[in-house]
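Letter by letter, the sequence shown follows residues 3 to 67 in the numbering used here.
We treat Cβ as the ideally placed atom computed from N, Cα and C, and that holds for glycine.
All values derive from a computational prediction rather than experimental measurement.
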Amino acid sequence: MNLHDLIGLEVCDAEDFLQKAGITNFKFVYYVDRKQSAYDKEIVTAVRQRDDGLELVVCRYLLEI
Numbered sequence: 003m004n005l006h007d008l009i010g011l012e013v014c015d016a017e018d019f020l021q022k023a024g025i026t027n028f029k030f031v032y033y034v035d036r037k038q039s040a041y042d043k044e045i046v047t048a049v050r051q052r053d054d055g056l057e058l059v060v061c062r063y064l065l066e067i
């Protein structure tokens, strides 16, 4: 499994992918813009390997206009 495959996935899909791969030591870190009140997707934009596990950086996007 290549961790870069997680980039671009929605949060629920990334979580399913990791659990099917047997990886349970991960967390999501949300970068939220307080000016952005509307969004329809939460997408993994970066993956980091930390000493305490895997960290997935999530940003919110408004793709439907």
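- Item | Where Val-34 falls, given that 16 or more other Cβ within 10 Å makes a residue buried | In the sequence shown, residue 34 corresponds to position 32, counting from 1. Label assigned to Val-34: exposed.
- Determine which residues share a DSSP beta bridge with Lys-29 and list them. Here residue 29 corresponds to residue number 27 of the sequence shown, with the count starting at 1. Bridge partners of Lys-29: Glu-57.
- Item | Residue from Tyr-41, Arg-62, Val-31 with nearest C-alpha to Arg-50 | Taking the sequence shown and counting its residues from 1, the one referred to as residue 50 is at position 48. For Arg-50, the nearest C-alpha among the options comes from Val-31.
- Task: Use the C-beta contact count for Ala-16: other C-beta atoms within 10 angstroms, 16 or more gives buried, fewer gives exposed.
- Result: The residue you call residue 16 lines up with position 14 of the sequence shown. Classification for Ala-16: buried.
- Message: Alpha carbons only, please: which of Gly-55, Tyr-41, Leu-5 is nearest the one belonging to Glu-66?
- Response: Counting from one through the sequence shown, the residue named residue 66 turns up at place 64. If we check each option's Cα against that of Glu-66, Tyr-41 comes out closest.
- Roughly how many whole angstroms lie between the Cα atoms of Asp-18 and Leu-11? Taking the first residue of the sequence shown as position 1, residue 18 is located at position 16. Taking the first residue of the sequence shown as position 1, residue 11 is located at position 9. Those two C-alpha atoms are separated by around 10 Å.
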